[in-house]
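The next block holds one structure in the form of structure tokens; read it before the comments.
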Amino acid sequence: MCAMPLRPSADEAIAAYRAAVVANRAQVERLRDLVPPAGGDFWVDRAARFRPGALDAEEMPALEAIALPDDVWMDIGAGGGRFALPVARLVAQVIAVEPSAAMRAVLAEAFASEARTNYEVLDLRWPPSPSEASQVPVVDVSLIANVLYDAADVDAFLAAAEAHTRRRCVVITSDRAPSTPDADIWQALYGEALCPLPALTDFVAVLGALGRCYDITTFPVRGPEPVTLDRALDEMRWRYWVAPGSDAEARLGELFHQHFGQPSGLIQLPPRRNYSAVVSWEPAPR
Ligand SMILES: C[S@@+](CC[C@H](N)C(=O)[O-])C[C@H]1O[C@@H](n2cnc3c(N)ncnc32)[C@H](O)[C@@H]1O
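In structure tokens, the structure reads:
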């Protein structure tokens, strides 16, 4: 990652954010043996994990404090509806922007399970193209939860969110991207230091450099429970980009045993992130 001064200009902060995303992408492309099917949906194997209730949503109290009953919210990168559904119980309508078909199917099933109809889905990748932008409404609140870690053009993403938001933009992001592998295991597996994705502090640096006056609330995240080696590999192999049954996966299993093996035979994986944060701000005047 580029070294960044303590008070970067907006250009410096945005360039450093982009550099971290690009470095991570280049490293993964060089080392990975897990390759998604051509033209496939990246989320197809993991979409079910994002259905409401499947993962903790410890940030909800901060969203409840922002939501008003007459609000229209837009959840950009809504996934399986982990936040879209509980927010829809509080506001008039939720527009879920989601380009993954697998995620959209999980979201639709979650809303159907409680016969909730106060939502719309937009199948598009943010920021919208000029022709798509005219079909995207201006809403009261935009929510961007766990989407910005690999956004190389974070400035364009935020500018479009602000352009479509009247009252509050809200970002949920953690101290580390939830996809982050353990740095020591990565080093041992690949013989080089991990290039991590940008996360909370990098995002806040961008927002501060853009001159936004933001509120931030942090929420501790529970660490993982001990699990069997098979389960640890199921949960972690994609984070190390190793294919099932590969030599790299066998080596990853050995490393998990050496570093995190318990006397019980279970694997105690370290926390991937320590806390999550809800960052919100008033969009710049249009
Ligand atoms: C890690 S999931 C987070 C889902 C949900 N927001 C949550 O926190 O549970 C990231 C989601 O963002 C979507 N996504 C990624 N890039 C996007 C983009 N440029 N525009 C819209 N959605 C995007 C992905 O398809 C995926 O569903």
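If you count the sequence shown from 1, position 54 lands on 55 in our numbering, and the numbers rise without skipping.
Don't be surprised by glycine CBs; every beta carbon is placed ideally from N, CA and C.
- For Ala161, no beta strand (DSSP E) segment is defined; the enclosing uninterrupted segment is the alpha helix (DSSP H) at 155-164.
- Gln94 is bridged by DSSP to Val73.
- Take the alpha-carbon of Thr166 and the one of Ser10: they are about 24 Å apart.
- For ligand 1, no non-hydrogen atom lies closer than 7 Å to the CB of Pro37.
- Annotated as proximal: Phe51 and Gly81, with beta-carbon spacing under 8 Å.
- Residue environment analysis places Leu69 among the exposed positions, since fewer than 16 neighbouring C-beta atoms fall within 10 angstroms of its C-beta.
- Counting C-beta atoms within 10 angstroms of its own C-beta, Thr174 has 16 or more neighbours from the protein chains shown and is therefore classed as buried.
- Going by beta carbons, Trp282 and Cys196 fall outside the 8 Å limit.
- In terms of side-chain proximity, the C-beta atom of Glu133 is found no nearer than 7 Å to any non-hydrogen atom of ligand 1.
- For secondary structure counted as the beta strand (DSSP E) over 3 or more consecutive residues, the segment 226-287 holds these complete runs in sequence order: 276-282.
- When rounded, the separation of the alpha-carbon atoms in Val243 and Asp46 is 15 Å.
- DSSP, read as helix, strand or coil, puts Glu13 in helix.
- Ranked by how close their Cα comes to the Cα of Asn275, the residues Arg19, Asp185, Arg177, Leu144 have Arg177 in first place.
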